[in-house]
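Asks:
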Amino acid sequence: MAKSKNHTNHNQSRKNHRNGIKPPLPLYMYNSKRGGWLPALVNTRRVRKNNQKAALKARRERLAAHQAAQK
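Residue numbers are given in UniProt numbering: position 34 of the sequence shown equals residue 34, and the series is strictly consecutive.
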């Protein structure tokens, strides 16, 4: 005789909640650049690096101004 039960939700919610149900990760964390247009990818890497340099420079200037105001 064939089985009649093909699916059940028994114990699934318990298994899901054992490690906690977490929200999905943001897209930028697992967004692959593979297969993209290479010149654009290289350019975005350079842009990101220069943006970091500019942010670091601005942070240093802000810190220097703050320390000068404290004296």
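Heads up, the beta-carbon is just placed ideally off N, CA and C, and yes, glycines get one too.
Taking 8 Å as the threshold (C-beta atoms), are LYS33 and LEU41 in contact?
Replies: Residue numbering aside, residue 41 sits at position 41 when the sequence shown is read from its first letter. Residue numbering aside, residue 33 sits at position 33 when the sequence shown is read from its first letter. Yes. Within cutoff.
Asks: For ARG34, name the three-state secondary structure that DSSP assigns.
Replies: Start at 1 with the first residue of the sequence shown, and residue 34 comes out as number 34. Coil at ARG34, not helix or strand.
Asks: Does DSSP classify ALA65 as helix, strand or coil?
Replies: Taking the first residue of the sequence shown as 1, we reach residue 65 at position 65. In the structure shown, ALA65 sits in a helix (DSSP, three-state: H, G or I).
Asks: Helix, strand or coil, according to DSSP, for PRO39 in the structure here?
Replies: Position 39 of the sequence shown, counted from the first residue, corresponds to residue 39. Look at PRO39 here: in three-state DSSP terms it is helix.
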